[in-house]
Structure formats: C-alpha cells, structure tokens
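Novice: Structure provided below as structure tokens; questions to follow.
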Amino acid sequence: MGKRRGARELLRSLSKKQKKHLREFGEEHPFYDKVSGRPEATQICDLSENSDKSSAESDSETEVEQVSVYHKLLATLKTSPESESEEEEDESESEEAGESETEMDSEGSQDTGEADGGEEDKNDVPEQEAGTTDTAEQMLGQEQADGADTSCDPSHGVIEEFTDVKHESEFSLETNFMEEESGDCNADKRDSNPFKQHMDKELEEKEVEKMSTLPKTSSQSKWPRLGQLTFSSTLEKHKTLKAEKEVDVKQLYLHKPLESTWPKVNKQFLSSVNKPGDPSFTPLQRELFCIMNTYRDLFYPERNALTNGEEIRHAYCLHALNHVLKANAQVLSNNAKRRDQKPGTDNDYRDQGLTRPKVLMIVPFRECALRIVHIFISLLEVNDKRKIDVSNKKRFKGEFGSDPEEKPPNLKRPEDYEAVFAGNIDDHFRIGVAILQKSMRLYAPFYSSDIIIASPLGMRTIIGAEGEKKRDFDFLSSIEILIIDQADIYLMQNWEHVLHLMKHINLLPLDSHGVDFSRVRMLNLNNWSRYYRQTLLFSALQDPQINSVFNKHCFNYMGQVAIRNVPLSGSISHVAVQLPHVFRRLEAENLTSVIETRFQFFIDKVLPEYRDAIMSHTLIYVPSYFDYVRLRNFFKKEELNFTHICEYTKKAGVCRARRFFLKGEKQFLLFTERFHFYKRYTIKGIRNLIFYELPTYSHFYSEICNMMKATDSGVDATWTCTVLYSKYDAQKLAAVVGIDRTAQMLQSKKNVHLFVTGENE
Numbered sequence: 000m001g002k003r004r005g006a007r008e009l010l011r012s013l014s015k016k017q018k019k020h021l022r023e024f025g026e027e028h029p030f031y032d033k034v035s036g037r038p039e040a041t042q043i044c045d046l047s048e049n050s051d052k053s054s055a056e057s058d059s060e061t062e063v064e065q066v067s068v069y070h071k072l073l074a075t076l077k078t079s080p081e082s083e084s085e086e087e088e089d090e091s092e093s094e095e096a097g098e099s100e101t102e103m104d105s106e107g108s109q110d111t112g113e114a115d116g117g118e119e120d121k122n123d124v125p126e127q128e129a130g131t132t133d134t135a136e137q138m139l140g141q142e143q144a145d146g147a148d149t150s151c152d153p154s155h156g157v158i159e160e161f162t163d164v165k166h167e168s169e170f171s172l173e174t175n176f177m178e179e180e181s182g183d184c185n186a187d188k189r190d191s192n193p194f195k196q197h198m199d200k201e202l203e204e205k206e207v208e209k210m211s212t213l214p215k216t217s218s219q220s221k222w223p224r225l226g227q228l229t230f231s232s233t234l235e236k237h238k239t240l241k242a243e244k245e246v247d248v249k250q251l252y253l254h255k256p257l258e259s260t261w262p263k264v265n266k267q268f269l270s271s272v273n274k275p276g277d278p279s280f281t282p283l284q285r286e287l288f289c290i291m292n293t294y295r296d297l298f299y300p301e302r303n304a305l306t307n308g309e310e311i312r313h314a315y316c317l318h319a320l321n322h323v324l325k326a327n328a329q330v331l332s333n334n335a336k337r338r339d340q341k342p343g344t345d346n347d348y349r350d351q352g353l354t355r356p357k358v359l360m361i362v363p364f365r366e367c368a369l370r371i372v373h374i375f376i377s378l379l380e381v382n383d384k385r386k387i388d389v390s391n392k393k394r395f396k397g398e399f400g401s402d403p404e405e406k407p408p409n410l411k412r413p414e415d416y417e418a419v420f421a422g423n424i425d426d427h428f429r430i431g432v433a434i435l436q437k438s439m440r441l442y443a444p445f446y447s448s449d450i451i452i453a454s455p456l457g458m459r460t461i462i463g464a465e466g467e468k469k470r471d472f473d474f475l476s477s478i479e480i481l482i483i484d485q486a487d488i489y490l491m492q493n494w495e496h497v498l499h500l501m502k503h504i505n506l507l508p509l510d511s512h513g514v515d516f517s518r519v520r521m522l523n524l525n526n527w528s529r530y531y532r533q534t535l536l537f538s539a540l541q542d543p544q545i546n547s548v549f550n551k552h553c554f555n556y557m558g559q560v561a562i563r564n565v566p567l568s569g570s571i572s573h574v575a576v577q578l579p580h581v582f583r584r585l586e587a588e589n590l591t592s593v594i595e596t597r598f599q600f601f602i603d604k605v606l607p608e609y610r611d612a613i614m615s616h617t618l619i620y621v622p623s624y625f626d627y628v629r630l631r632n633f634f635k636k637e638e639l640n641f642t643h644i645c646e647y648t649k650k651a652g653v654c655r656a657r658r659f660f661l662k663g664e665k666q667f668l669l670f671t672e673r674f675h676f677y678k679r680y681t682i683k684g685i686r687n688l689i690f691y692e693l694p695t696y697s698h699f700y701s702e703i704c705n706m707m708k709a710t711d712s713g714v715d716a717t718w719t720c721t722v723l724y725s726k727y728d729a730q731k732l733a734a735v736v737g738i739d740r741t742a743q744m745l746q747s748k749k750n751v752h753l754f755v756t757g758e759n760e
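Letter 263 of the sequence shown, counting from 1, is numbered 262 in numbering that gives the first Met the number 0, and no numbers are missing.
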C-alpha cells in the first residue's frame, strides 16, 4: 500500500500540463516551465459562438479550458512569492542547497508557478465556482468591448486560437486587389525571377518518378565564407553556383519595400569587414542568401548563438518575407485582373495552394518568435513616419516577451548558455501571421495566415496522433518554405516531434477549407507540393539525426546544398587540466547493435576497473536518457554505491546527489547530457570521468573535463578519463579530437588510444 499511496501522491503533485503530457506522450516533458515566477495577467479563454475558428485546436482543448479560467482568476488573488537570493557556491551543504534551488527557480522550474498553489487551486475551485463565473462573464464582456483578444495560459498546456473577426476581411486575399494594396500591378512581371521561375516550373511525371527512385548526383565546391559545399540533385545536373563577390540589392528581385528597408535593418551587422561596394549583406549573409534565393534546400550546421545566430535569422526572415509578399502580390494582382476582365473570358489564374500558409518557421523558444516578428515589422516599415499597422501587438508582447525589470540571479554560466536561453524560453507555442504590404496581423487563424511560427511541441499538440478525433494538419498542405532553426536544440527537447511534423507536411488536405480550385496551382492538385518546398535547416552541429531529416524528408526538385566543413582541431584542445584521455573503441556489426554492444562493453570491460574503492568520485556522462535508465537499473540491481542526476531530478535530489558525490559518500554519479544542457551546473569532486558515449555538443567534452579543477584536493595525478566510441560516432569524434586523429583512430588496428592534455604541453 505504501508504494500505491506514494504513486497517488506523486500523481497529485503533477501539474495539469504534466498530466496532459504524460497522458499524450507517455512521458513528462521536463522543460515546460515558466520563465519567471511572477503571476500572469488574468486572461479569459472563452470565445464567442460566432467566431470563425481556424483549426481543430480550439475544439480539442475545450475540456481543460474552463478549469484554466479558474486557475487564471484565482492566480490574481495570490501574492507573488518572494524571490530567493542567490548565494555563492560553496562546498558546504547549506550553500549548495541554496545555489541549487535558486538556479532551478531562475531557469523556470515547474515548482515556481504551479507547485506553489496547484493543490490550493484544485481545492478552491468548487467553492468559488459561482463567483468566478460571474467575474469571468464581466471580464469577458469588457475585453470583447475593448477589442482585446483572449488566450489560455501556455504554462497550463492550453493554447487557444484567437479568431480576430474584426480584421478578417481586411486580410482576406480573396476580397483585396493589387491597386488597393500597393498600386503596383506590374509587380508580378518585375519579380519574374527567381520566385516565378521556381513556382511556375511544371514538372513532368517522368521527372517526379526520377526523384522518387533514382539516387542524387553530387558535386563539390568551395566558397570563401561558407567553405566546403556539397550540391546534390536527382534531375539533370544543375549548374554549380558560384559565390558572388558583391551583391546588388536590385539584382535580387526583392519585393517592395524590402529593397529600401533591408540595408537599414541589417546595418547593425555591417562593420569594417564589409566592402564598400556591398553595403547591405555581411559575407556570410551574402553567400547564404545567394543559395536561398535560388530556392534550393540548404543545410548550414555552423550556426552559433553567440556569433552568427542573429545574422542568419535576419537573412532567412528577409527570404521568407520576400516570398510571401511576392506570392500575395501575385494573387492580389490577379484578383484585379479577374474583376476587370470581360464576361465570357476564360483566363487561367493559378496562383494559390490548397491552403493559404506558405511559410512554416520552427524555432525552439518564444523569444525566437518574438525576434522574428520584430524583424518582419522593421522590414515592412519604410521609415519612422510610415508605421505599419500590426494587429494584436500588445497581446503578442505580453505572451512572448519577458519582463525587463525581472533580472535573474547573478549565476555563473557560459556565454553560449546565456545566448541560447535569453528571454522567454517557453517551448510550447504556435502563432499565425498574415502579411500584406502595409499591415500585419498576429494571431491570425492558421487558414488565414501566410506564415506560421511554432515550436516542435506546439506543432505536435495540434497535429495530434493517429486515431485521435480532434487533430489538424491540413494547414501544412501547401507549405512552400520550411525553416528549421537551431535544430540541435530539438535533440535536447524531443526529436520525435520534428519527425512527426515532417511526416505530416505537404499532405493532401482532408477538407477543402473554402478554396477556389480554379485558382489552385496544378502542382498542388497533383500532390507534388513537397517537390517544390524549399527547406532551410540551421544547426550548431553535424548530427546523424539532423542529416537524416535533410536527406530523407527534403525532395526539392531544385536540389540541395549542404555545408560540410570538417573540424581540424577538436574541443580536446580546450581541456585545461593535466589529464590522460583513454579512448576505447568498441566493435559493432551494424548501427542497430551499437546500443547493446556499448552496454555490454561497459559492464564487462570498463566498470570492473572502477569498482575498487580507490576509484571513487567517478562521474559517468550519459547522453541518452534511455541509456541512463538502463545503467541506473543495472547499478541498483548490482547494489553499487551510486547516485544519479537527470533532467527529471527535483531540486532537493540534485542537491543531495552533488553533496554525496563531493564528500565521497557515493562512488558513482550518473549524469545526463540533457541536464547539463539545461542547467550547466559545475559538479565538484570529479576524479575519474567516463564518457559512456561522446557528447552531442563537442564543447561539453572540454567543459566536463575542466570541472575536475573545480575541487582543489591535490590529487591531480590520479585523475582519469575514459571515452567509449565506435565507427558510427565519426562525426562526434572528429568534433572532439579533430579530423586527422579521427581517421587514425578509426583505421588503426589498436582499440585503445591515449591522449594527454595539460598546461605544460
């Protein structure tokens, strides 16, 4: 009974969002938490009955919607918890506990917003039901009168589509005309290249069959800034692109007003490295945009949040906005032609997809969506006098922004961590954006949107799973540009969500959604949308799973371009401690057997060497959560003296594990990569280090090794580091030891290789 009671207590302690995620995906989502502990402003989730709902999302969450209203109203009655003060890290138990708790709170722990009052809310709801309903009706009436939009708090797992009836007709492509929008009826002629060349190309069935069956042919090229490029295509070999030394904005066929606004918006990145003859692009942007503008697929695995992240974001925002403006201008121009044409004239204006959304942008956090929208706004504003009209801007800033007055504690974290986790880091969101030249509409229903900005989890919850009654993915049927930014972060979130999205994009819709089939392009009617979709994939690293998405889920007839630079020196060169690194190769017959082979190799060959009490203070770094669970169960079965920390470990558990490991009360510490990614704690007391598998991020290798010097105990000579690798870890191994050493280690007859790092080398 004790175990059952404990399980029930644990279930009660879960928040609604945790329970919902556990029910839908079979696991808790560890990083759903709020960015801050401040109480949110009250928002009501009731929509009027005559609202035009954009997707099945509204219907799918009506069951939890009402309870969420109570949560929001009751939250306003509570006092905000006092912020905990940060103390300097020390070896004593109390100081470590203080640091641990403060760090967790500052980075959005689930306990901040939900555990503080979760049980009270559940108990108070029935008692205050009558009064709450009256208050809700009054507030709803007031918000509707003010034209305010309503939404559910994403921290409770509910994202409600807001139907902006007020602006529906204004942003409808079917009822607008070109002269009303910009007065430029010849825009489609002027912008004939390369947008029209790509979209107007009519593939033949033979070509489609070739792309489905024949392998791709590839060629190599080297560009000044991007380095080694691989061009691949299934159709007739395209001319290999050459890097443009200079780019004239007028030659890029940018739609108005981007020609004039882009140099101003991008000015912040231009410096002395930029040539006077190229005043609008940095060298990196110039080469990236040259590829984007040809509508080829692009994979760039060298995105860095500290150095070039914002440059890249501006470049792909320019391309996406340029595509949308051209596509909409074509539709509006044809609207005017159809209105003015003589009766009986049968002109074929095929200029649309089966659904309106053209661009899908996948980003990891709300802060990224906020920055993208700000770039769009600045690109559409010609000058300070002509401000574009942005609908629902206030609501957007409130939900996607962060409070500038609320500063996190003064924690010591690496610069790359601060850059990645800046601003609002909630990872469950989606928002539709409709764009015309002089106005932008945020929170547009998906079927009235041009651009959808979402996280993988946000898309996963609306796409749903097979067998669910209420799910929707028709709005993905006619996506023409897919942008996946910071793909490496999704490896730390849930990569299955990305794969689920790729399986549901560019499928024929199940419903017509009011489309005029006489205006739909033949490529969409033939279900060939995926062959015209351009995919832009940006990552901080080369990874087999990311490569697989680019190789197996991208079918662009224009071909693909992948940047394939090899690291000459690895992160092992950044290890500052004097340490012997023993790399042990394990032999696996195939890729599927690597997991089992690694586990058997570890328990048979590696672990026996560390069972001796002399080999205490051993940290085992485990990238995969599944491997971590397997090792934890094995250690329990063998009754080894160990403790463990993973992304699901609570604050108190983390604090205890760190203390036990530091004082030597526990010989082993199992440590997951995802925990390190999201928290970046300094683990003190490490004397022996085992990398069960090479880390996903190469710089984590040197970071973990350098933690050894965090404890000055005078036992430097006894430090050890053991790394397990196989031939299938070539990319990760190259990032750690460099390409030359990798080639030697994989081809050598020896299975053990030793490197020594130190300050004296």
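Even for Gly, the Cβ is constructed at its ideal location relative to N, Cα and C.
Since residue 672 and residue 622 should fall inside the 8 Å C-beta cutoff, what is the C-beta to C-beta distance between them, to a whole number of angstroms?
Specialist: 4 Å
Novice: Can you list, in chain order, the residues of its chain whose CB lies under 6 Å from that of residue 526, leaving out five sequence neighbours each side?
Specialist: 507
Novice: Measuring only the C-alpha atoms, how far is residue 415 from residue 205?
Specialist: 48 Å
Novice: Relative to the C-alpha of residue 553, which residue among 388, 233, 194, 221 is closest?
Specialist: Taking residue 553 as reference, the option from 388, 233, 194, 221 with the minimal CA-CA separation is 233.
Novice: Verify whether the separation of the beta carbon atoms of residue 423 and residue 366 is less than 7 Å.
Specialist: yes
Novice: Counting Cβ pairs closer than 8 Å, one from the segment 254-267 and one from the segment 332-344, do we hit at least three?
Specialist: no
Novice: On the DSSP letters alone, give me the boundaries of the alpha helix (DSSP H) that residue 225 sits inside.
Specialist: Per DSSP, residue 225 belongs to no alpha helix (DSSP H) and is neither H nor E.
Novice: Can you tell me where the alpha helix (DSSP H) with residue 787 in it begins and where it stops?
Specialist: This structure cannot speak to residue 787, because the chain is shown only from 0 to 760.
Novice: Do you know offhand how far residue 720's Cα is from residue 564's?
Specialist: Cα to Cα, the separation comes out at about 28 Å.
Novice: Sorted by chain position, which residues of the same chain lie with C-beta nearer than 8 Å to residue 356's C-beta, five sequence neighbours on each side aside?
Specialist: Within the same chain, Cβ atoms closer than 8 Å to the Cβ of residue 356 are found at 431, 445, 446, 448, 449, 450, 451, 474, 475, 477, 478, the five residues on either side in sequence being excluded.
Novice: On the DSSP letters alone, give me the boundaries of the alpha helix (DSSP H) that residue 626 sits inside.
Specialist: 624-636
Novice: Below 6 Å CB to CB, which residues in the same chain sit around residue 284 once its five sequence neighbours on both sides are set aside?
Specialist: 310, 314
Novice: What's the gap between the Cα of residue 158 and the Cα of residue 441?
Specialist: For residue 158, the predicted structure reports a pLDDT of 48, less than 50, and the residue's modelled location is therefore unreliable. A value from the coordinates is still provided. Straight-line Cα distance between these residues: approximately 15 Å.
Novice: What's the gap between the Cα of residue 708 and the Cα of residue 464?
Specialist: 48 Å
Novice: Taking 7 Å as the threshold (C-beta atoms), are residue 387 and residue 380 in contact?
Specialist: yes
Novice: Beta carbon of residue 639: closer than 6 Å to some heavy atom of the ligand HEM?
Specialist: Here there are no bound small molecules, and the ligand HEM is not part of this structure.
Novice: Give me the Cβ distance between residue 733 and residue 566, rounded to the nearest whole Å; I'm assuming they're in contact under 8 Å.
Specialist: 6 Å
Novice: With C-beta atoms as the reference, is residue 723 less than 7 Å away from residue 670?
Specialist: For the 7 Å CB-CB criterion, residue 723 and residue 670 do not form a contact.
Novice: Let me know if residue 63 comes out buried or exposed under the rule of 16 or more other beta-carbons within 10 Å of its beta-carbon.
Specialist: Any reading at residue 63 needs caution, since the residue's pLDDT is 39, under 50, leaving its predicted position unreliable; the model's value is listed next. Buried, by the Cβ-count rule.
Novice: In angstroms, rounded to a whole number, what distance separates the CA positions of residue 667 and residue 656?
Specialist: 10 Å
Novice: Could you check the C-alpha separation between residue 735 and residue 568 for me, to the nearest Å?
Specialist: 8 Å
Novice: Quick one, are the C-beta atoms of residue 549 and residue 484 less than 7 Å apart?
Specialist: no
Novice: Just reading off the alpha helix (DSSP H) that residue 740 is part of, what are its end residues?
Specialist: Here the alpha helix (DSSP H) through residue 740 covers 738-746.
Novice: Please classify residue 242: does DSSP put it in a helix, a strand, or coil?
Specialist: coil
Novice: Among 597, 417, 216, 531, which one has its Cα closest to the Cα of residue 725?
Specialist: 597
Novice: Leaving out five residues before and five after residue 472 in sequence, what residues of the same chain have Cβ atoms less than 6 Å from its Cβ?
Specialist: Excluding positions up to five away in sequence, the list reads 462, 503.
Novice: Could you check whether residue 322 and residue 291 sit closer than 7 Å to each other, using their CB atoms as the reference points?
Specialist: no
Novice: Candidates 362, 590, 192, 610: which alpha carbon is nearest residue 249's?
Specialist: 192
Novice: Can you round the beta-carbon distance between residue 428 and residue 457 to whole angstroms, since I take them to be within the 8 Å contact cut?
Specialist: 5 Å
Novice: Classify residue 15: buried if its beta carbon has 16 or more other beta carbons within 10 angstroms, exposed otherwise.
Specialist: Per the 10 Å Cβ criterion, buried.
Novice: Quick check on the DSSP output: what are the complete alpha helix (DSSP H) runs of length 4 or more inside the segment 486-555, in order along the chain?
Specialist: 486-491, 494-503, 521-524, 528-531, 543-551
Novice: Can you give me the start and stop residues for the beta strand (DSSP E) that residue 720 sits inside?
Specialist: 719-724
Novice: Can residue 443 and residue 453 be called in contact, C-beta distance under 7 Å?
Specialist: no
Novice: List, from N- to C-terminal side, the beta strand (DSSP E) runs of 3 residues or more that fit wholly inside the segment 382-454.
Specialist: 388-390, 429-435, 438-441, 450-453
Novice: Rounding to the nearest angstrom, what Cα-Cα distance links residue 198 and residue 332 in this structure?
Specialist: 16 Å
Novice: Ends of the beta strand (DSSP E) at residue 619?
Specialist: 617-621
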